[in-house]
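Enquirer: So the sequence lines, in the order shown, correspond to chains A, B, C and D. Mapping of the first sequence onto this note's numbering: position 180 corresponds to residue 180, and the numbering continues sequentially without gaps. Mapping of the second sequence onto this note's numbering: position 63 corresponds to residue 1063, and the numbering continues sequentially without gaps. Mapping of the third sequence onto this note's numbering: position 152 corresponds to residue 2152, and the numbering continues sequentially without gaps. Mapping of the fourth sequence onto this note's numbering: position 74 corresponds to residue 3074, and the numbering continues sequentially without gaps. Sharing a structure with you now.
There are 4 protein chains.
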Amino acid sequence: MAHVLNPRADEILDKEFKVLNHGFIRLVDYMGGDESIVQAARVSYGKGTKTVSEDRTLIRYLMRHQHTTPFEMVEFKFHVKLPIFVARQWIRHRTANVNEYSGRYSIMPEEFYVPDESVIKFQNRSNKQGRDSEEVPPEVRKRVLEILLEEQKSAFTGYQEMLENNIARELARINLPLSLYTQWYWKIDLHNLFHFLKLRMDKHAQYEIRVYAEKMAEIVKTVVPIAYEAFEDYVLNAVTFSKQELIVLQKYLPDNIDENEIENIGFSKYEKAEFFDKLKKISHL
Amino acid sequence: MAHVLNPRADEILDKEFKVLNHGFIRLVDYMGGDESIVQAARVSYGKGTKTVSEDRTLIRYLMRHQHTTPFEMVEFKFHVKLPIFVARQWIRHRTANVNEYSGRYSIMPEEFYVPDESVIKFQNRSNKQGRDSEEVPPEVRKRVLEILLEEQKSAFTGYQEMLENNIARELARINLPLSLYTQWYWKIDLHNLFHFLKLRMDKHAQYEIRVYAEKMAEIVKTVVPIAYEAFEDYVLNAVTFSKQELIVLQKYLPDNIDENEIENIGFSKYEKAEFFDKLKKISHL
Amino acid sequence: MAHVLNPRADEILDKEFKVLNHGFIRLVDYMGGDESIVQAARVSYGKGTKTVSEDRTLIRYLMRHQHTTPFEMVEFKFHVKLPIFVARQWIRHRTANVNEYSGRYSIMPEEFYVPDESVIKFQNRSNKQGRDSEEVPPEVRKRVLEILLEEQKSAFTGYQEMLENNIARELARINLPLSLYTQWYWKIDLHNLFHFLKLRMDKHAQYEIRVYAEKMAEIVKTVVPIAYEAFEDYVLNAVTFSKQELIVLQKYLPDNIDENEIENIGFSKYEKAEFFDKLKKISHL
Amino acid sequence: MAHVLNPRADEILDKEFKVLNHGFIRLVDYMGGDESIVQAARVSYGKGTKTVSEDRTLIRYLMRHQHTTPFEMVEFKFHVKLPIFVARQWIRHRTANVNEYSGRYSIMPEEFYVPDESVIKFQNRSNKQGRDSEEVPPEVRKRVLEILLEEQKSAFTGYQEMLENNIARELARINLPLSLYTQWYWKIDLHNLFHFLKLRMDKHAQYEIRVYAEKMAEIVKTVVPIAYEAFEDYVLNAVTFSKQELIVLQKYLPDNIDENEIENIGFSKYEKAEFFDKLKKISHL
């Protein structure tokens, strides 16, 4: 055996996927793939359980039951260029490795995030942290862009003047705006990457980090297609109901859900049993 | 202001809660309480949002939306005495601090876990890692206890003979069985503790760690009653349905669930909106 | 027993220690003290070693031998107000818990870091990431302050105009400069806090984070005076020599360092043995 | 560009390196190499510092100055078979990913650690956790082996009888001794691996884990030869002197260490400056 390699993933290695006006994501390296998840899980089952069936079933079982450690056995390394305000949200994911461009050592290039007109929105009224969907009048959007561009230009001019005066870089850069682009290498295992994707692909995540997460999701899908599909089915597109909500559901669900019908839909015997276990749990609340 | 103290919690400080035949859990110290969760969450909202309403609502909102960082602001320290095979499962929770009794430094006391007859069970047939519920004949249970006790005695006799011969403790102890008791100080934040409880109170967890988790849950409930209630409602007693299961549910749920009725059950306006959002998500699958 | 409390530490609880022009550090809560380190260490030694001697000796032994886990048993919670560029360095310490003021939810107050004239310095020539010690001419310093203040004012004016136009806060804030103040709750255990202090009190750390670390060190010293003293002696003021450097030292050190003389200086028998072990190691390189 | 591959490392991929009587270490996969450390470090320096010189110098600089994050960019995955008492020490390294063979799911094979006669030793008198170097009389060693083998046999016989009675595996295994072999996949980044090696190759580490660490060190050396050399020079073979020890050294070191002589030994100008900085620090204590 050798490295777990994946021709489709290797094709996108080092390719720059554009995000926002100047940003990008590049998959720099990866270790493992769907088969590494299976390999790690099978060490737990030892010799005795060779029949556990084929890989997809196992991976889906692991995802469904939150047996998360086998997913930690796959590793990704990305090179990302992103605005600083996005980097500040991103870095909150602590179980990852990071090396960032340093404004203490090096001169920051003049590259700023400027939103596309279509994503300039009003404050959302019900959601205190988000944007409204309502259209913003063109003259307001124009004014916003004007303010942003002007400010970015003047902040960078000030930065340059200080550098020309040989002021220490670590000091000269303190007035650069959060919209400035930075870049980093970011390495993370698949379990923690799925957690990142879950939070950052969510509709409540800020648009500017969501577009990175969405691009990253495509890359992940290429490297671990089976695990990604399981992530979609059991995490991204799953819904969790609280105890109180289940009590409501219970009132509306019929007592006799047809077992045969469910088998026809393609549930395995095991998945069917799990489903009825959940219904039973609800009926006991 | 001073330390966040909690008289009800202080009452159980240092109290030994018995678990299994020789084990225990003691709450040695804690930092913070329900009010620390609120305090930390409110720093995010800044001055602007003093109206976010009262603590319970906020804590429940945080739990429901997996805003987990404020729960990290509460810290617990326990002293636990537990069999080594339980310790081996427990230690897999990595985001915690541990100091364990060392068999290299010190002589292990002769204390072994012996299961109560009622929990000696056959291998479960469908669940490869669990016990069956079927009753085990008394003579088999008796034989199991006989094997365990005899073996524990003879292992300890061998250990003692080696110690008497002045063999290095780190070597003399290598044949001691996994049923031997060890002890440790274990410190963890509330968010990670909830995760521990979720996994270890689960019916698939081994009985011998589950009883520790259940005892710990009582302690946690005393220290952070509001957060614990939210944990029960939104995590412990919640049910997550996969995409495939939601498609089934969708077939059985009526189109017109009555909004008023739901409000009568005690849902806030906000919770009601979230519930209907979920139903809408389902109907779009 | 009850909480480990420390009257001298309780006196400074919640007190605002000023840092930079608008920043501060407040000790919000703590759990444990020097005695908790000892308590945790002693669990490792079990019954058999009650004589291990008194606390200070044990704590110093643990520090010297990098037995770090007992130090993890003490926990600190701070409230810190700090410029964003400092926060960006700070957050790289991942083993900590953070809740930060959010510019998505709330309006950022108009508070910016403006360096004191005395710390405006030229770029260091030999150290690519630092400041020179050379005096900067007054007219240059004046110009730097002018640039900074002007830019901060105009950035905030733009921010306010966007807010007045009801532009989403998460978007309006993207041009705010890195010198803007933010604030957070930060919780960390003593072992990781010492690591933070070691790196951030270092002369290579940027001045603006160093002043926070130095203030924090005073607080830590109040809470765990014995552990802090050990940290100073064995970490902060210790020097590590590489293999190559030791070969040089070896050439200059006499063969016969006087054991008695060393004992007179106050080394315990044990410390003396460790010291001669090191010299022996050197002589074998 | 593509994956960072390393022919010499690929040669040992999946090879079983024997350790102890039944144990082994296999390098299952790795990501990155010396060049990934450099690549990650250079992103910090940005465009401006292409001249930082060649890789070895940079890697050594990073190691010397504890710039640890670039070392986190290299990842290793091992398959290890080891006695449970070794596994219990090993697992204390938390920043790693693990999947272990499960005695709940699977039947444990009859494989026990039996020490080679040469490593059966008496308790060390001065070091409470270690073994003495003194020879143990043959008859005592023989007796120790007898006790161990007999006990292992009888513990396994009891285990088998319980399994034959269909007792749940999770229960039947509780009396198996700590000398039983288990196995796991273990994944870790290079920075944390170096920390593991430092602690576990130390002469105070228990012999039975030290042999694993030493074998692992050989593997690491093959994958990242330059980083490993730096680790040897600046960590493994370095010596740290406490403040008190430095005061002693100071008394014995001459005032005028010859700069030229040191340059002749092969110190770069930069390393020489660092060395004299340390001496200066000492003289100011």
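Every residue, glycine too, gets a C-beta built ideally from N, C-alpha and C. Quick caveat, the model's predicted, so the values are computed rather than measured.
Below 9 Å on C-beta distance, what does C:VAL2248 contact in chain D?
Expert: Within 9 Å Cβ-Cβ: ILE3257, GLU3261, ILE3262, ILE3265, PHE3267, PHE3275.
Enquirer: Would you call the stretch 1105-1121 of chain B and the stretch 1183-1202 of chain B touching, i.e. three or more CB-CB distances under 8 Å?
Expert: Touching, no.
Enquirer: Can you tell me whether DSSP reads B:PRO1083 as helix, strand or coil?
Expert: Residue state, collapsed to three classes: strand.
Enquirer: Does D:SER3179 have its Cβ less than 9 Å from a Cβ in chain A?
Expert: It does not; no Cβ of chain A falls within 9 Å.
Enquirer: According to the Cβ coordinates, are B:SER1179 and D:ILE3174 closer than 9 Å?
Expert: Yes, the pair counts as a contact, with Cβ atoms nearer than the cut-off.
Enquirer: In whole angstroms, what separates the C-alpha of D:VAL3074 from that of D:ARG3060?
Expert: If I take the Cα positions, the gap works out to 16 Å.
Enquirer: Find out if the Cβ-Cβ distance for the pair D:VAL3043, A:TYR101 is shorter than 9 Å.
Expert: Yes, they are a contact pair.
Enquirer: Report buried or exposed for B:GLU1011, applying the criterion of at least 16 other Cβ atoms within 10 angstroms of its Cβ.
Expert: Looking at its Cβ environment, which holds fewer than 16 other Cβ atoms inside 10 Å, B:GLU1011 is exposed.
Enquirer: Classify C:MET2031 as helix, strand or coil using the three-state DSSP reduction.
Expert: Strand at C:MET2031.
Enquirer: Among the candidates B:LYS1251, B:ASN1166, B:LEU1246, B:MET1031, whose CA atom is the shortest distance from the CA of B:LYS1278?
Expert: Answer by Cα proximity: B:LEU1246.
Enquirer: For B:GLN1089, which residues in the same chain have their Cβ closer than 6 Å to its Cβ, ignoring the five residues on either side in sequence?
Expert: For B:GLN1089, where only same-chain residues beyond five positions count, the Cβ hits under 6 Å are ILE1209.
Enquirer: Kindly confirm or deny that the stretch 2076-2096 of chain C and the stretch 2182-2199 of chain C touch, where touching means at least three C-beta pairs closer than 8 Å.
Expert: Contact between the stretch 2076-2096 of chain C and the stretch 2182-2199 of chain C is present, because at least three Cβ pairs lie under 8 Å.
Enquirer: Taking the alpha helix (DSSP H) that B:ILE1257 falls in, what are its first and last residues?
Expert: Premise fails: B:ILE1257 is in no alpha helix (DSSP H) and is neither H nor E.
Enquirer: To which residues of the same chain is B:THR1051 closer than 7 Å at the C-beta, ignoring the five residues directly before and after it?
Expert: Note that B:THR1051 scores 45 on pLDDT, short of 50, meaning its location in the model is unreliable and no value can be drawn from it.
Enquirer: Counting Cβ pairs, one atom from each stretch, are 3 or more of them under 8 Å apart for the stretch 1132-1151 of chain B and the stretch 3126-3135 of chain D?
Expert: Flag = no, the stretch 1132-1151 of chain B and the stretch 3126-3135 of chain D do not touch.
Enquirer: Which residues in chain C sit within 7 Å of B:GLU1222, going by Cβ to Cβ distance?
Expert: The sequence as given places Thr at residue 1222 of chain B; Glu does not occur at that position. The premise fails here: B:THR1222 is roughly 15 Å from chain C at the closest Cβ pair, so nothing lies under 7 Å.
Enquirer: Return yes when the Cβ of A:PRO225 is within less than 9 Å of the Cβ of A:ALA34, no when it is not.
Expert: Residue 34 of chain A is actually Asp in this sequence, not Ala. Yes, the pair counts as a contact, with Cβ atoms nearer than the cut-off.
Enquirer: Going along the chain, which residues of its own chain have a beta-carbon closer than 7 Å to the beta-carbon of B:THR1049, five neighbours each way excluded?
Expert: Here the model assigns B:THR1049 a pLDDT of 45, short of 50, so the residue's position is not dependable and the matter cannot be decided.
Enquirer: Going by other Cβ atoms of all chains shown within 10 Å of its Cβ, with 16 needed for buried, is B:ILE1265 buried or exposed?
Expert: The residue in question, B:ILE1265, is exposed, as its Cβ has fewer than 16 Cβ neighbours within 10 Å.
Enquirer: I need the DSSP call for D:PRO3137, collapsed to helix, strand or coil.
Expert: In this structure, D:PRO3137 counts as coil in the three-state DSSP scheme.
Enquirer: In three-state terms, what does DSSP make of B:TYR1185?
Expert: B:TYR1185: strand per DSSP, three-state reduction.
Enquirer: Name, please, each residue of chain B whose Cβ falls closer than 8 Å to the Cβ of C:TRP2184.
Expert: Neighbours of C:TRP2184 on chain B, chain order: VAL1043.
Enquirer: Less than 9 Å between the C-beta atoms of A:VAL136 and A:PHE156, yes or no?
Expert: No, Cβ-Cβ distance for A:VAL136 and A:PHE156 is not below 9 Å.
Enquirer: Would you mind telling me which residues of chain D sit closer than 9 Å to C:ILE2282, beta carbon to beta carbon, in chain order?
Expert: What C:ILE2282 touches in chain D: VAL3239.
Enquirer: Buried or exposed for B:HIS1284, going by 16 or more other Cβ atoms inside 10 Å?
Expert: By the 10 Å Cβ count, B:HIS1284 comes out exposed.
Enquirer: If you follow the beta strand (DSSP E) that B:ASN1097 is in, where does it begin and where does it stop?
Expert: Per DSSP, B:ASN1097 belongs to the beta strand (DSSP E) from 1097-1100.
Enquirer: What are the start and end residues of each continuous alpha helix (DSSP H) run of 4 or more residues lying completely inside the stretch 181-255 of chain A, in chain order?
Expert: Qualifying alpha helix (DSSP H) stretches, in chain order: 190-200, 207-223, 225-231, 243-252.
Enquirer: For the beta strand (DSSP E) containing D:LYS2957, list its first residue and its last residue.
Expert: Residue 2957 of chain D lies beyond the range of chain D shown here (3001 to 3285); nothing can be said about it.
Enquirer: Residues of chain B with CB closer than 9 Å to the CB of C:ASN2101, please, in chain order.
Expert: For the sequence presented, residue 2101 of chain C should be read as Tyr rather than Asn. Neighbours of C:TYR2101 on chain B, chain order: VAL1043, SER1044, TYR1045, GLY1046.
Enquirer: Judging by CA-CA distance, which residue of C:GLU2016, C:ARG2026, C:MET2063 is the nearest neighbour of C:LEU2192?
Expert: The sequence given here places Asn at residue 2192 of chain C; Leu does not occur at that position. Of the listed residues, the one whose Cα sits closest to C:ASN2192 is C:MET2063.
Enquirer: Taking the continuous alpha helix (DSSP H) assigned at B:GLU1110, which residues delimit it?
Expert: That residue, B:GLU1110, is in no alpha helix (DSSP H); it is neither H nor E in DSSP.
Enquirer: Have a look at A:SER268 and A:ILE262 and give me their C-alpha separation to the nearest angstrom.
Expert: Those two C-alpha atoms are separated by around 9 Å.
Enquirer: Taking the continuous alpha helix (DSSP H) assigned at B:GLU1054, which residues delimit it?
Expert: Premise fails: B:GLU1054 is in no alpha helix (DSSP H) and is neither H nor E.
Enquirer: Per DSSP, what are the beta-bridge partners of A:GLN152 in this structure?
Expert: DSSP lists no partner for A:GLN152.
Enquirer: At least one CB of chain C closer than 9 Å to the CB of A:PRO83: is that the case?
Expert: So, interface residue.
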